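J.: Residue numbers (our numbering), protein chains in the order written: chain A, 276 to 648; chain B, 15 to 116. Each residue gets a CB set at the ideal place from its N, CA and C atoms; glycine is no exception. Fair warning: this is a prediction, and the values are worked out from it, not measured in the lab.
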Amino acid sequence: MDEPESIAASTGDVVVLLGTTKGLFALAAGPERDRWALTGPWFRGEEIYAAALDTRRGRTRLLVGATSSHWGPSVYRSDDLGASWTEPEPETLAFPADTGAAVAHVWQLQPAGDAQPDVVYAGVEPAALFRSDDAGLSFRLDRNLWGHEHRPQWQPGGGGLCLHTVVTDPAGGPRLGVGISAAGFYRTLDGTSWEAANVGIRTPFLPDPTPVFGQCVHKVDRHPAEPDTLFLQHHWGVYRSDDFGGRWDEVGADDLPSTFGFPVVADPNHPGHAYVLPLTSDLFRCTPDGRFRVYGTTDGGASWQGLEHGLPQEHAWLTVLRDAFAADALDPAGLYVGTRTGEVFASPDAGATWRELTRHLPPVLCVKTAVMP
Amino acid sequence: MREDGGDALRVVVRLASPLRPFAGGADRLELELPPPITVRAVLDAVAADHPAIGRRVRDEAGTLRRHVNVFVGADNARDLDDSDTLVPEGTEVVVLPAVSGG
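1. Could you give the residue range of the beta strand (DSSP E) that holds A/P262?
2. Buried or exposed: A/T314, going by 16 or more other Cβ atoms within 10 Å of its Cβ?
3. From the DSSP output, read off the bridge partner residues of A/V291.
4. Quick check: the Cα distance between A/K494 and A/V612, rounded to an integer number of angstroms?
5. Between which two residues does the alpha helix (DSSP H) carrying B/D63 extend?
6. Can you name the start and end residues of the alpha helix (DSSP H) that A/N419 belongs to?
7. Does the CB of A/H635 have a neighbour CB from chain B at under 8 Å?
8. Taking the straight line between their C-alpha atoms, what separation do you get for A/T335 and A/V642?
9. Could you list the residues in the segment 74 to 99 of chain B with a C-beta less than 8 Å from some C-beta on chain A, going in chain order?
10. Closest by CA to A/H590, which one among A/D564, A/A601 and A/G536?
11. Buried or exposed: which applies to A/G298, given that a residue is buried once 16 or more other Cβ atoms fall within 10 Å of its Cβ?
12. Does the Cβ-Cβ distance between A/S456 and A/V492 come in under 8 Å?
13. So for A/S556, helix, strand or coil by DSSP?
14. Quick one: is A/S349 near chain B, going by C-beta distance under 8 Å?
15. A/L554 and A/P306: beta carbons closer than 8 Å?
16. So is A/E322 in contact with chain B if we call contact Cβ pairs under 8 Å?
17. In whole angstroms, give me the CA-to-CA distance for A/T374 and A/E470.
18. Which residue wins for smallest C-alpha separation from B/V54, given the options B/E44, B/R42 and B/G68?
19. Using alpha carbons as the reference points, say which of B/L110, B/D89 and B/D98 lies closest to A/H345.
20. Going by the beta-carbon positions, is the gap between A/D496 and A/F506 smaller than 8 Å?
21. In this structure, how does DSSP classify B/D98 when only helix, strand and coil are distinguished?
22. If we cut at 8 Å on Cβ distances, does A/P316 have a partner in chain B?
23. Got a sec: is the Cβ-Cβ distance from A/G433 to anything in chain B below 8 Å?
24. For A/E631, does the count of other Cβ atoms within 10 angstroms reach 16, so buried, or fall short, so exposed?
25. Using a beta-carbon distance below 8 Å, is A/H509 in contact with chain B?
26. Straight-line CA distance for A/Q383 to B/V56?
27. Which of the three DSSP states, helix, strand or coil, is assigned to A/L356?
28. Measure the beta-carbon distance from A/V289 to A/D524 and round it to whole angstroms, keeping in mind my assumption that it falls under 8 Å.
29. Reducing DSSP to helix, strand and coil, say where A/V339 ends up.
30. Using the beta-carbon count (16 or more within 10 Å), is A/E558 buried or exposed?
31. Taking the alpha-carbon positions, what's the A/Q580 to A/T614 distance?
32. Could you compute how far the alpha carbon of A/T633 sits from the alpha carbon of A/A625?
33. Any contact of the segment 382 to 397 of chain A with the segment 312 to 329 of chain A, i.e. 3+ C-beta pairs under 8 Å?
34. Tell me, please, whether the CB atom of A/P365 is closer than 8 Å to any CB atom in chain B?
35. Heavy atom of the ligand HEM less than 7 Å from the Cβ of B/F36, yes or no?
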């Protein structure tokens, strides 16, 4: 089987990684983001829930959480943009023997900010957080979260009991937040002690409408210049917190066609700007009215506007999963959305205009971006 | 099967083609193990020599992956005693991906 060549990208180019149910693809373009080249697939037949292109310290390290339905999961890495991949050691990402647990899926690979240039977090199923201090060569379990008293009561969401989101402290401090389906948002302020941080998030699917935990958090994002302000897409409801999860307030219920959805993306340039992709409802997880619309806010969620120019507006019954929406770091931000039906749409101007970059891919599980150093 | 703990016995493990790149292209491995030989002991020995095969066949808790089958001769170890299944002298152990997936 012929393997694809490496990603053709050089300094200043934008790379968009596309993790799918059948392998990893990549799109690359110059800073103008007008001419894209598609490469892939790598890891043919494997599910790619997590991917990252780590550009800190000037490196260009691809990290890929790949799961073979036969041969299990692991984290692979490439330092030459996919020309070659390192076979991981069995213990690269593995639960310690005394836990009796085993990694089923790697749901998230999250490099920390530039202040921690060798730290990478991994979120996995069963819900657990791992940390690497060597830029992804090896990971160790966060035993404090694993030992949390709530953990035996955590219930799986539709994708399993997974830790799918890691919110790091851009200043390099110990503060950390994680999203777990369907346990909610958990945070540590000192790096060791974890607490559920779901005050204000309603749970219509539970008898108790405001439990301490049990929320089905779909995704959380924040702007690095305002790390206290978090945007959260819940199973029902879009929320904002201004104190790193100490309290949440629902935003968007008046403007959005639905408050159900999976991803939420904070604009990398403008604090208070964010994007969501509403789906009709819990029971009908397709874009409302057959129209594919991204919604954006420029006022912290007080109001939302449809961003649909160039997106299909007729018979477009599409689904976008929690990690299949991402922004690049340029200004204006490029936005990238992958669908469960294999289309990838992009906007070079923070959602003002869109175009389809490719179609006929396998279902897209994750979309991650980087600007080449 | 020798139960006396005497000299090591030879076991042949046949590998499915997707696993062969992780054994230098070999389609069969020859092991020498002390009796009694179990499927677990065979997989432990394979993992020690070829970690990349080991992690693909069993997870870190030592559980055979759900869509991997280990046959002792013509019998699926899952239908016998799983990892405790004894491997009679002269019987091949075959590691195959299950028919599954979508």
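T.: In short, the structure shows the following:
1. Because chain A in this structure spans residues 276 to 648, residue 262 of chain A falls outside the shown range and cannot be described.
2. buried
3. A/L302 and A/T644
4. 15 Å
5. V53 to D63
6. R418 to W421
7. no
8. 17 Å
9. E74, A75, T77, R79, H81 and V82
10. A/D564
11. buried
12. yes
13. coil
14. yes
15. no
16. no
17. 21 Å
18. Going by the sequence as given, residue 54 of chain B is Arg instead of Val. Among B/E44, B/R42 and B/G68, the Cα nearest to that of B/R54 is on B/G68.
19. B/L110
20. yes
21. helix
22. no
23. no
24. exposed
25. no
26. 34 Å
27. coil
28. Not a contact, Cβ separation roughly 34 Å.
29. strand
30. Residue 558 of chain A is actually Leu in this sequence, not Glu. Looking at its Cβ environment, which holds fewer than 16 other Cβ atoms inside 10 Å, A/L558 is exposed.
31. 21 Å
32. 19 Å
33. yes
34. yes
35. Inclusion of the ligand HEM in the displayed structure is not the case, the ligand content being empty and no account of it being possible.
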